[in-house]
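Trainee: Letter 437 of the first sequence, counting from 1, is numbered 610 in our numbering, and no numbers are missing. For each residue, glycine too, the CB sits at the ideal point set by N, CA and C.
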Amino acid sequence: MGIRLHNSATRAKEDFAPIDPLNVRMYVCGPTVYDRAHIGNARPVVVFDTLYRLLRHVYGPDHVTYVRNFTDVDDKINATAQARKAAGDARPLEALIRERTEETIGWYHADMDALGALRPDVEPRATDYIGQMVAMIAGLIAGGHAYEKEGHVLFRVRSYAEYGRLSGRSVDDMIAGARVEVAPFKEDPMDFVLWKPSDADLPGWVSPWGRGRPGWHIECSAMAHELLGAEFDIHGGGLDLQFPHHENEIAQSACCGHGFARFWLHNEMLQVEGKKMSKSLGNFFTVRDLLDQGVPGEVIRMVFLGTHYGKPMDWTAEKAVEAEMRLHGFLELIGLYGDLQQAKTLAPEPAVIDALSDDLNTHAALMVLQKLNGADQANALARNLEFLGIYSWETLETKVANFRGSQIRLQEIAAVLLQVREVAKAQKNFTAFDALKQRITTANIAVMIGKDGITLRPEIDMDLTKLADL
RNA sequence: GGCGGGUUGGCGGAGAGGUUACGUACCGGAUUGCAAAUCCGUGUAGACCGGUUCGAUUCCGGUACCCGCCUCCA
Numbered sequence: 174m175g176i177r178l179h180n181s182a183t184r185a186k187e188d189f190a191p192i193d194p195l196n197v198r199m200y201v202c203g204p205t206v207y208d209r210a211h212i213g214n215a216r217p218v219v220v221f222d223t224l225y226r227l228l229r230h231v232y233g234p235d236h237v238t239y240v241r242n243f244t245d246v247d248d249k250i251n252a253t254a255q256a257r258k259a260a261g262d263a264r265p266l267e268a269l270i271r272e273r274t275e276e277t278i279g280w281y282h283a284d285m286d287a288l289g290a291l292r293p294d295v296e297p298r299a300t301d302y303i304g305q306m307v308a309m310i311a312g313l314i315a316g317g318h319a320y321e322k323e324g325h326v327l328f329r330v331r332s333y334a335e336y337g338r339l340s341g342r343s344v345d346d347m348i349a350g351a352r353v354e355v356a357p358f359k360e361d362p363m364d365f366v367l368w369k370p371s372d373a374d375l376p377g378w379v380s381p382w383g384r385g386r387p388g389w390h391i392e393c394s395a396m397a398h399e400l401l402g403a404e405f406d407i408h409g410g411g412l413d414l415q416f417p418h419h420e421n422e423i424a425q426s427a428c429c430g431h432g433f434a435r436f437w438l439h440n441e442m443l444q445v446e447g448k449k450m451s452k453s454l455g456n457f458f459t460v461r462d463l464l465d466q467g468v469p470g471e472v473i474r475m476v477f478l479g480t481h482y483g484k485p486m487d488w489t490a491e492k493a494v495e496a497e498m499r500l501h502g503f504l505e506l507i508g509l510y511g512d513l514q515q516a517k518t519l520a521p522e523p524a525v526i527d528a529l530s531d532d533l534n535t536h537a538a539l540m541v542l543q544k545l546n547g548a549d550q551a552n553a554l555a556r557n558l559e560f561l562g563i564y565s566w567e568t569l570e571t572k573v574a575n576f577r578g579s580q581i582r583l584q585e586i587a588a589v590l591l592q593v594r595e596v597a598k599a600q601k602n603f604t605a606f607d608a609l610k611q612r613i614t615t616a617n618i619a620v621m622i623g624k625d626g627i628t629l630r631p632e633i634d635m636d637l638t639k640l641a642d643l
């Protein structure tokens with residue numbers, strides 16, 4: 174079974190065939206690096222990481238190029254830097270901007286690594302591609318698709334007949350909506366900025382139109398073209414980017430004669446406890462907030478994979494708890510029966526590949542894991558957990574080693590407990606036994622009394638130090 | 001106003017025109033000094049109104065409600 178993907182451009186599920194199977198190319202809009210990534214930012218990262226893993230599996234790890242940019246020129250970044258300068262920092266604005274983007278990229282990497290997301294093959298920064306943007310803008314002007322006015326360069330939307338096709342909007346309808354800012358230098362209300370002037374307090378680059386900085390949309394067009402060529406396979410991003418960002422990318426690139434992306438994939442939005450996440454509602458939080466609260470990255474990933482990327486997803490604390498329970502069960506099976514050396518030699522389960530190949534049906538893939546768990550297939554379970562990016566081999570090895578290391582100690586404690594129980598039964602007085610059992614329980618170890626004796630089962634946050642004297 | 005998504009059992013959440021989703025919770029049983037955990041098992045569905053069909057939760061049409069985008073938020 175080949176890969177099928179829902180293409181936003183055609184609104185249909187289509188067979189995916191790469192332009193060049195030896196180099197499958199995907200571009201995903203990355204973050205504007207002005208602050209910590211919030212939980213919603215993480216959804217496309219996990220979605221497209223999963224697709225990346227599937228493509229690498231099908232076409233070979235060396236035959237996929239995944240590009241995700243960093244937008245490091247942006248008014249919010251400028252604002253942060255200017256605020257620091259106003260607060261008394263004497264360094265030049267450029268240094269403050271650089272510092273801000275550097276630290277934000279570092280945070281982003283750390284947070285997304287925690288979610289098990291592989292680093293893309295290329296992570297271009299917009300500021301490293303200003304020359305390509307200027308060249309593209311110049312080409313658009315030469316072709317009659319853009320014009321300069323008062324230091325701005327604007328894209329002439331009416332020059333591109335297909336404008337609005339991706340998002341299913343007509344230019345006339347949008348103008349009727351009248352929520353478009355009409356700057357005096359625009360020929361048409363829908364025209365958007367390719368280049369804008371920078372005064373001395375803002376970062377800027379020399380250009381044929383004076384010192385200035387690029388508009389947001391041209392960045393992705395220029396970087397995708399430079400790194401992936403005039404035509405490539407997949408362009409991804411959040412649904413909120415479909416309009417105007419992706420629509421504008423298409424217009425710019427198409428008017429430069431680029432074929433641009435053949436497949437467009439959009440993930441639906443994430444909500445929190447049934448509502449849109451926003452600072453005013455108090456349900457706004459970052460990935461780092463969750464990690465710091467003790468919600469592990471693999472739990473966040475499990476929750477994400479539970480809902481198809483094309484559907485709105487609700488983040489709730491309850492889902493996180495449930496995901497953690499399931500992972501705990503998986504780990505126990507692997508801890509008890511897994512052989513990770515053996516597991517590494519296995520191929521991912523065909524049912525998992527089939528599920529992902531069907532427009533990234535991650536939920537179905539998780540159901541396969543559930544079945545493997547139910548069938549005590551510890552090695553296959555480990556292999557597929559790794560394939561889906563839920564656990565790395567390193568993490569699994571550590572967890573299994575800890576589990577097995579603790580097993581010996583747990584057996585010793587179980588022997589003590591069993592002795593106490595024999596005494597209790599003989600004397601028909603269970604007070605001492607219950608007290609000891611309680612101690613073990615508070616160390617986050619489940620006590621299971623069966624006819625074959627006593628088994629102790631460690632919880633995820635077991636604390637053996639509390640039982641050091643036993 | 002324009003465009004799009006959704007509505008499934010207590011909760012989360014899929015697929016499939018007719019056969020058990022699955023997980024979790026609840027209930028019953030086994031087990032236990034009592035529990036917990038574990039194992040086994042039962043039950044609980046598909047917003048509403050029409051249509052197509054031998055048969056629809058699954059296809060088509062309509063209604064209601066919820067949500068998102070149209071504002072350089074993924």
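Excluding five sequence neighbours on each side, which residues of the same chain lie with their C-beta closer than 8 Å to the C-beta of Ile314?
Mentor: So the qualifying residues of the chain are Tyr320, Glu321, Val326.
Trainee: Quick one: any contact between the region 548-559 and the region 506-523, if contact means 3 or more CB pairs under 8 Å?
Mentor: Result yes; three or more Cβ-Cβ pairs closer than 8 Å.
Trainee: How do the region 579-587 and the region 596-606 stand: do at least 3 beta-carbon pairs fall below 8 Å, yes or no?
Mentor: The answer is no - the region 596-606 does not touch the region 579-587, with fewer than three Cβ pairs under 8 Å.
Trainee: In the DSSP assignment, find the unbroken beta strand (DSSP E) run with Arg198 in it and report its ends.
Mentor: Note, Arg198: beta strand (DSSP E), 197-201.
Trainee: Reducing DSSP to helix, strand and coil, say where Lys601 ends up.
Mentor: If DSSP states are grouped into helix, strand and coil, Lys601 belongs with coil.
Trainee: What first and last residue would you give for the beta strand (DSSP E) that runs through Ala548?
Mentor: Run containing Ala548: none; DSSP gives neither H nor E here.
Trainee: Quick one: is Tyr200 buried, meaning 16 or more other Cβ sit within 10 Å of its Cβ, or exposed?
Mentor: The residue in question, Tyr200, is buried, as its Cβ has 16 or more Cβ neighbours within 10 Å.
Trainee: Does the region 226-245 touch the region 477-497, meaning 3 or more C-beta pairs lie closer than 8 Å?
Mentor: At 8 Å Cβ cutoff, the stretches do not touch.
Trainee: Reducing DSSP to helix, strand and coil, say where Arg435 ends up.
Mentor: Correct three-state label for Arg435: strand.
Trainee: For Ser371, I'd like the list of residues in its chain whose CB is within less than 6 Å of its CB, leaving aside the five on either flank, ordered along the chain.
Mentor: So the list reads Gly377, Arg384, Gly385, Arg386, once near-sequence residues are dropped.
Trainee: Looking at the unbroken beta strand (DSSP E) that takes in Pro469, where does it start and where does it end?
Mentor: From DSSP, Pro469 is part of no beta strand (DSSP E); its letter is neither H nor E.
Trainee: Closer than 6 Å by C-beta to Glu420: which residues in its own chain qualify, once you throw out the five before and the five after it? Chain order, please.
Mentor: Excluding positions up to five away in sequence, the list reads Leu339, Ser340.
Trainee: For Glu559, count the other beta carbons within 10 Å of its own beta carbon; 16 or more makes it buried, fewer makes it exposed. Which is it?
Mentor: That one is buried.
Trainee: Going by DSSP in three states, Gly409 sits in which element: helix, strand or coil?
Mentor: Gly409: strand per DSSP, three-state reduction.
Trainee: Between His418 and the rest of its own chain, which residues show a CB-CB distance below 8 Å, the 5 nearest in sequence each way excluded?
Mentor: Result list for His418: Cys202, Trp389, His390, Cys393, Gly410, in chain order.
Trainee: Residues in its own chain within less than 6 Å of Asp284 by CB, not counting five upstream and five downstream?
Mentor: Contacts found: Ala210, Val460, Arg461.
Trainee: DSSP three-state label for Glu296, please.
Mentor: DSSP places Glu296 in coil when its eight states are reduced to three.
Trainee: Is DSSP giving Val246 helix, strand or coil here?
Mentor: Coil.
Trainee: Use the C-beta contact count for Ala185: other C-beta atoms within 10 angstroms, 16 or more gives buried, fewer gives exposed.
Mentor: Burial call: exposed.
Trainee: Which full runs of the alpha helix (DSSP H) of 4+ residues lie inside the region 563-641, going along the chain?
Mentor: List check, alpha helix (DSSP H) in window: 566-600, 604-615.
Trainee: If you reduce the DSSP assignment to three classes, tell me which class Glu559 lands in.
Mentor: Helix.
Trainee: Using DSSP's beta-bridge definition, name the partner residues of Gly385.
Mentor: For Gly385, which the question treats as bridged, DSSP gives the partners Pro370, Trp378.
Trainee: Using the Cα positions of Ala311 and Gly324, report the straight-line distance between them to the nearest angstrom.
Mentor: Distance between the alpha carbons of Ala311 and Gly324 is about 14 Å.
Trainee: Kindly indicate which three-state DSSP category Asn180 falls into: helix, strand or coil?
Mentor: Three-state DSSP puts Asn180 in a strand.
Trainee: DSSP state of Thr644, grouped into three classes?
Mentor: The structure shown does not extend to residue 644, since the chain is modelled only from 174 to 643, so the question has no answer here.
Trainee: By how many angstroms is the C-alpha of Lys452 removed from the C-alpha of Gly547?
Mentor: Each residue's alpha carbon lies about 42 Å from the other.
Trainee: Residues bridged to Thr238 by DSSP?
Mentor: Beta-bridge pairing links Thr238 to Arg198.
Trainee: Compare the beta carbon distance of Arg435 and Asp465 with 8 Å and say whether it is the shorter of the two.
Mentor: In this structure, Asp465 does not lie closer than 8 Å to Arg435 by Cβ.
Trainee: Determine whether the beta carbon atoms of Trp437 and Ser181 lie at a separation below 8 Å.
Mentor: Against a cut-off of 8 Å, the Cβ pair of Ser181 and Trp437 comes out as a contact.
Trainee: Beta carbon of Glu296, beta carbon of Asn242: below 8 Å?
Mentor: Result yes, Cβ atoms of Glu296 and Asn242 sit closer than 8 Å.
Trainee: Please report the residue range of the alpha helix (DSSP H) in which Asp188 lies.
Mentor: Taken as a continuous stretch (DSSP letters only), Asp188 belongs to no alpha helix (DSSP H), being part of the beta strand (DSSP E) at 185-188.
Trainee: Buried or exposed: where does Thr571 fall if 16 or more other Cβ atoms within 10 Å of its Cβ makes it buried?
Mentor: Classification of Thr571: exposed, given that the 10 Å Cβ count is below 16.
Trainee: Thinking C-beta only, is Val445 closer than 8 Å to Gly508?
Mentor: Not a contact, by the Cβ cut-off of 8 Å.
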